[in-house]
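For reference, the structure is listed below as structure tokens.
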Amino acid sequence: MNRWLTEAVPRGRVAAFRTLIYLFVAADLVIFTPWVRTRVSVPGDLYQPLLIGRLLPLPTPTETLVTVIFWALLLLALLAATGRAPRLLGWAVCALYLEWMIIAMSYGKVDHDRFGLLVALAVLPTAGRARHGDTTRTEAGGWALRVTQIAVICTYFLAAFAKLRFGGLDWLTGSVLARAIIRRGTDLADLIAQVPHLLIVAQFGIVAFELLSPVVFLLPPRWRLAMVGFFYSFHAVTIATITISFAPHLAAMTSFLPLERVRPLVWTRRLVGRDTPDPATTDAPEQRPAGDDPEPAPPGQDPVGAGAERALDDQTPVVGRPVGP
Numbered sequence: 143m144n145r146w147l148t149e150a151v152p153r154g155r156v157a158a159f160r161t162l163i164y165l166f167v168a169a170d171l172v173i174f175t176p177w178v179r180t181r182v183s184v185p186g187d188l189y190q191p192l193l194i195g196r197l198l199p200l201p202t203p204t205e206t207l208v209t210v211i212f213w214a215l216l217l218l219a220l221l222a223a224t225g226r227a228p229r230l231l232g233w234a235v236c237a238l239y240l241e242w243m244i245i246a247m248s249y250g251k252v253d254h255d256r257f258g259l260l261v262a263l264a265v266l267p268t269a270g271r272a273r274h275g276d277t278t279r280t281e282a283g284g285w286a287l288r289v290t291q292i293a294v295i296c297t298y299f300l301a302a303f304a305k306l307r308f309g310g311l312d313w314l315t316g317s318v319l320a321r322a323i324i325r326r327g328t329d330l331a332d333l334i335a336q337v338p339h340l341l342i343v344a345q346f347g348i349v350a351f352e353l354l355s356p357v358v359f360l361l362p363p364r365w366r367l368a369m370v371g372f373f374y375s376f377h378a379v380t381i382a383t384i385t386i387s388f389a390p391h392l393a394a395m396t397s398f399l400p401l402e403r404v405r406p407l408v409w410t411r412r413l414v415g416r417d418t419p420d421p422a423t424t425d426a427p428e429q430r431p432a433g434d435d436p437e438p439a440p441p442g443q444d445p446v447g448a449g450a451e452r453a454l455d456d457q458t459p460v461v462g463r464p465v466g467p
């Protein structure tokens with residue numbers, strides 16, 4: 143079990159995953175959850191902190207507190223994406239983003255798609271230093287990725303458990319997807335909804351897929367990547383039909399992928415290098431220094447023929463044939 147939990151991975155994979163996660167945190171602040179800053183306009187009496195917010199305890203959000211967290215987290219996440227000071231910056235980003243999520247989820251709605259991301263932020267500081275493209279393997283980095291993978295799969299499995307716990311078998315045969323399509327469906331969803339019994343079949347399929355998601359750990363590497371690809375395709379369909387993105391979950395799920403092969407900076411340099419002419423391969427005539435002209439051929443000898451004769455004499459003999467023409 144310990145060997146499986148700490149299976150060594152290339153340091154380049156850890157570095158790529160770290161950069162991706164911290165860049166997503168910065169994007170999350172300005173793209174996906176900027177609405178958290180509007181919570182300061184809500185009366186403080188409506189702030190009902192989560193259990194962790196009551197245990198610490200954390201203060202009621204104010205405009206100053208939320209503004210400081212926003213700008214500090216944005217700056218530190220961008221710095222952490224460079225890979226410098228992985229422990230110091232990593233713990234700082236983890237603490238600030240946790241507080242950001244507590245503020246976001248303490249007004250009556252809790253999103254379960256951020257569990258894997260929060261776990262990734264908690265374990266990345268323990269992975270130590272890692273550089274992009276480094277092929278040496280690290281068990282600490284492997285443990286960080288494995289724990290994130292477990293959190294991602296728990297998100298699926300526990301979602302199915304919650305569906306059956308609170309909705310029972312009626313969740314499978316009810317109108318859950320139909321209501322979702324009515325509320326936020328797309329034109330594609332409207333077309334799918336017209337197929338008889340297809341939504342009921344889809345609800346059975348969703349629960350089955352979530353309950354069977356732990357099987358991904360039992361598959362060989364190639365099939366594991368194929369199953370992770372199926373996970374991403376499932377979310378692509380979800381976005382295209384009921385416009386639910388699960389973006390934080392998708393970012394955490396990259397812990398399954400061989401990210402060390404993704405080298406955008408190296409690819410860009412290669413493309414730029416191909417467009418730049420190589421001085422050594424240009425067709426410019428060879429420039430000879432003054433006074434370095436070739437010696438004239440002896441009288442009665444053709445200089446071209448002499449060069450050709452020397453070329454024939456310098457040929458390497460073919461196996462089984464005598465030297466010379």
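Note that our numbering has the sequence shown beginning at 143, numbered continuously upward.
Heads up, the beta-carbon is just placed ideally off N, CA and C, and yes, glycines get one too.
Residue burial classification, residue i (beta-carbon count within 10 angstroms, cutoff 16)
| i | result |
| --- | --- |
| Gly310 | exposed |
| Arg412 | exposed |
| Val349 | buried |
| Met143 | exposed |
| Leu188 | exposed |
| Gly415 | exposed |
| Gly186 | exposed |
| Val184 | exposed |
| Gln336 | exposed |
| Phe372 | exposed |
| Ile211 | buried |
| His391 | buried |
| Asp425 | In this prediction, Asp425 has a pLDDT of 46, which is less than 50 and means its spatial position is unreliable; nothing more can be read from the coordinates. |
| Val446 | Bear in mind that the predicted position of Val446 carries a pLDDT of just 44, short of 50, making it unreliable; the figure below should be weighed with that in mind. Counting Cβ neighbours within 10 Å, Val446 comes out exposed, since fewer than 16 surround it. |
| Ile324 | exposed |
| Pro203 | buried |
| Leu259 | buried |
| Leu198 | exposed |
| Asp312 | exposed |
| Arg321 | exposed |
| Arg288 | buried |
Residue i versus residue j - alpha carbon distance
| i | j | result |
| --- | --- | --- |
| Cys296 | Arg307 | 16 Å |
| Thr290 | Thr268 | 12 Å |
| Val156 | Arg229 | 14 Å |
| Ala223 | Leu266 | 11 Å |
| Ala158 | Gly347 | 33 Å |
| Leu200 | Trp409 | 45 Å |
| Arg326 | Thr148 | 42 Å |
| Tyr249 | Gln190 | 6 Å |
| Ala331 | Gly275 | 42 Å |
| Pro393 | Ser355 | For the sequence presented, residue 393 should be read as Ala rather than Pro. C-alpha separation (whole angstroms): 17 Å. |
| Trp146 | Trp365 | 18 Å |
| Ile245 | Leu217 | 19 Å |
| Val151 | Arg279 | 5 Å |
| Arg196 | Glu281 | 36 Å |
| Ala286 | Lys305 | 29 Å |
| Val357 | Glu205 | 46 Å |
| Ala214 | Leu238 | 8 Å |
| Trp135 | Leu240 | Because the chain in this structure spans residues 143 to 467, residue 135 falls outside the shown range and cannot be described. |
| Pro406 | Thr180 | 36 Å |
| Ala227 | Leu165 | 16 Å |
Bounding residues of the alpha helix (DSSP H) (the contiguous stretch that carries residue i)
| i | result |
| --- | --- |
| Gln291 | Glu281 to Ala304 |
| Ser375 | Pro363 to Ile384 |
| Met395 | Ala389 to Met395 |
| Ala269 | Ala269 -> no alpha helix (DSSP H), and no H or E assigned at all. |
| Gln345 | Leu340 to Leu353 |
| Asp332 | Asp329 to Ala335 |
| Thr315 | Asp312 to Thr315 |
Nearest-angstrom beta carbon gap, residue j and residue i [assumed within contact, 8 Å]
| i | j | result |
| --- | --- | --- |
| Leu361 | Met369 | 6 Å |
| Val235 | Val167 | 6 Å |
| Ile163 | Ala262 | 5 Å |
| Trp242 | Val172 | Contact flag wrong, Cβ pair sits at about 12 Å. |
| Arg273 | Arg153 | 6 Å |
| Ser387 | Ile381 | 5 Å |
| Gln345 | Val379 | Not a contact, Cβ separation roughly 14 Å. |
| Met247 | Leu207 | That belief does not hold up - the Cβ atoms of Met247 and Leu207 are roughly 16 Å apart, past 8 Å. |
| Thr328 | Thr383 | 6 Å |
| Phe257 | Ala389 | No, Phe257 and Ala389 are not in contact; Cβ-Cβ is about 13 Å, not under 8 Å. |
Closer than 6 Å: residue i CB and nearest the ligand ZN heavy atom
| i | result |
| --- | --- |
| Ala264 | With respect to the ligand ZN, the structure shown offers nothing to examine, as it has no ligands at all. |
Inside the segment 175-203 only - alpha helix (DSSP H) runs reaching at least 4 residues: 193-197
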